[in-house]
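J.: Just passing along the structure, written as C-alpha cells.
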Amino acid sequence: MAKIGILYIATGRYITFWNEFYKRCEKFFCNDHQKQYFLFTDANNVSVKNNVKIIQHKYLGWPEETLMRFDTFLKVENDLQKMDYIYFFNANLYPVRKIKGEEVFPSFEQQIMVTLHPAFYNMPRKIFTYENNEKSSAYVPFPLGEYYVCGGFNGGIAEYYLKLINDLDKAVKNDLKNGIIAVWHDESHLNRYILDRNPLILSAKYVIPEVIGFNQKNLKSLKPKMILIDKMSPICGGHDYMRGLTDKRIKNNFINRFKWWLHKKRTNKKNG
Ligand code: GAL
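Here is the structure:
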C-alpha cells in the first residue's frame with residue numbers, strides 16, 4: 010500500500026467543489042492505497058475527515074493563484090517528503106470511474122505523470138499553445154514538442170514530483186524577475202519541463218470537459234475517467250456565483266440538474 014499525497018487548491022467559491030471531489034476521490038481514486046489530502050483554502054468553516062490537512066491560503070488573484078501554485082505546494086514540502094506519490098487535481102475535476110494506482114504511477118524511469126490536454130488531444134503540433142517568448146523559462150521553440158499536456162492533473166513519484174515543484178517554482182520566479190508571465194502560466198512551464206524528460210503520459214480521458222465545446226471529434230471515443238465540471242453546472246452554482254458576481258447560486262436541485270443534463274446533451278450533440 011502506497012502513501013499518496015493529494016494537492017488541492019480551493020480558494021474563494023472554488024471551495025464549493027471540495028465535498029463532491031473528496032467523496033468521489035475516496036470512492037474512485039487509488040482505493041487500495043492510503044490517501045492524504047492537502048487542502049489549500051481561505052475558507053474557515055470546512056469540516057474535514059482525518060486524512061485531510063487544511064492549509065490556510067489567501068486567494069492570490071488571477072493568474073497568480075495558478076502561476077504561483079508551486080510556491081503554494083512548497084508550504085507542505087516536509088509533509089510531502091513522507092509520501093510515496095503526489096498528485097495535483099484541479100478543483101473542478103471529478104473522478105467518475107475507478108482509477109487504479111497502476112494507471113497513474115509512473116515507473117522509476119518515467120518519474121512523473123502528465124495528462125494530455127483535451128483541447129489538443131490528437132491535434133497537430135502547430136496549434137499547441139506553448140510559450141513562444143524566447144526570454145521565458147517556459148519557451149518551447151518550434152518544432153520541438155510532441156504533445157501538449159494540461160496543468161489540471163499531474164503527479165508522480167514523490168521525490169521526482171518534489172523536484173518538479175522546486176524546479177518550476179524557480180522557473181516561474183525567474184520569469185517574474187524578468188517581467189514575464191508565460192502564456193498559460195504553470196501549464197506552460199510544465200510543458201517546457203517535460204520536453205527533456207520521458208514521463209508517463211495519460212490520455213485526455215482523465216480530463217474530459219463536462220460540456221465539450223472543442224475537439225469533440227477526437228474526444229468522443231474516450232470513456233471518461235474524470236470530468237472537468239463546468240462553472241454553469243448546478244453543482245457549483247453557476248458562472249456568476251463562482252466568479253463572485255452574485256451571491257445567488259443556481260440551486261442544485263432535481264429540476265436544475267435535469268435542465269443542465271438537457272443542455273449538455275444538446276451542446277455535445279451539436280459539436281459532435
Ligand atoms: C484552455 C484551458 C486553459 C489552457 C488553454 C491552453 O482550454 O481552459 O486553462 O489550458 O486551454 O491553450
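All you need for our numbering is the position in the sequence shown, starting with 1, plus 9.
Even glycine gets a Cβ: it sits at the ideal position worked out from N, Cα and C.
Values in this document were obtained by computation on a predicted structure and should not be read as measured data.
#1: So who's on the other strand from Leu177, going by DSSP bridges?
#2: Unbroken beta strand (DSSP E) runs of length 3 or more, entirely within the region 180-256: which are they?
#3: Rounded to whole angstroms, what is the Cα-Cα separation between Leu69 and His194?
#4: Give a single yes or no on whether Thr138 has its beta carbon closer than 7 Å to a heavy atom of the ligand GAL.
#5: Any chance you could list the beta strand (DSSP E) runs of at least 3 consecutive residues sitting entirely within the region 45-85, in chain order?
#6: Give a single yes or no on whether Gly160 has its beta carbon closer than 7 Å to a heavy atom of the ligand GAL.
#7: Quick check on the burial criterion: 16 or more other C-beta atoms within 10 angstroms. Buried or exposed for Gly161?
#8: State yes or no: is the C-beta of Trp193 nearer than 7 Å to some heavy atom of the ligand GAL?
#9: Is His198 a contact residue of the ligand GAL, with contact defined as CB to any heavy atom under 7 Å?
#10: Can you give me the Cβ contacts of Asp239 inside the same chain, cut-off strictly under 6 Å, excluding the 5 residues immediately before and after it?
#11: Where do the N-terminal and C-terminal ends of the beta strand (DSSP E) with Asn163 fall, by residue?
#12: Closer than 7 Å: is that where the CB of His126 sits relative to any heavy atom of the ligand GAL?
#13: Taking only the alpha-carbon atoms, compute the straight-line gap between Ala147 and Tyr31 and give it to the nearest angstrom.
#14: Would you kindly work out how many angstroms separate the C-alpha atoms of Gly154 and Arg134, rounded to a whole number?
T.: If we stick to the structure as given:
#1: Here residue 177 refers to the residue found at position 168 when the sequence shown is read from its first residue. Per DSSP, none; premise fails for Leu177.
#2: 209-211 and 235-237
#3: Working through the sequence shown from its first residue, we reach residue 69 at position 60. Working through the sequence shown from its first residue, we reach residue 194 at position 185. Near 14 Å, if we compare the C-alpha coordinates of His194 and Leu69.
#4: Sequence index remark: in the sequence shown, residue 138 carries index 129 (1-based). The answer is yes for Thr138.
#5: 61-65
#6: Mapped onto the sequence shown, residue 160 falls at position 151. Answer for Gly160: yes, Cβ within range of the ligand GAL.
#7: Indexing the sequence shown from 1 puts residue 161 at position 152. That one is buried.
#8: By one-based count along the sequence shown, residue 193 stands at place 184. Trp193 Cβ: within cutoff of the ligand GAL.
#9: Sequence index remark: in the sequence shown, residue 198 carries index 189 (1-based). His198: no, Cβ never under 7 Å from the ligand GAL.
#10: Within the sequence shown, numbered from 1, the residue matching residue 239 stands at position 230. Cβ within range, chain order: Glu219 and Val220.
#11: Taking the sequence shown and counting its residues from 1, one reaches residue 163 at position 154. It spans Phe162 to Ile166 - the beta strand (DSSP E) in which Asn163 sits, taken as one unbroken run.
#12: Within the sequence shown, residue 126 is the residue found at index 117, counting from 1. Because some heavy atom of the ligand GAL lies under 7 Å away, the Cβ of His126 counts as near it: yes.
#13: As a working mapping, residue 147 is identified with position 138 in the sequence shown. As a working mapping, residue 31 is identified with position 22 in the sequence shown. Taking the straight line from one Cα to the other gives about 32 Å.
#14: One-based indexing of the sequence shown puts residue 154 at position 145. One-based indexing of the sequence shown puts residue 134 at position 125. Taking the straight line joining both Cα atoms gives about 7 Å.
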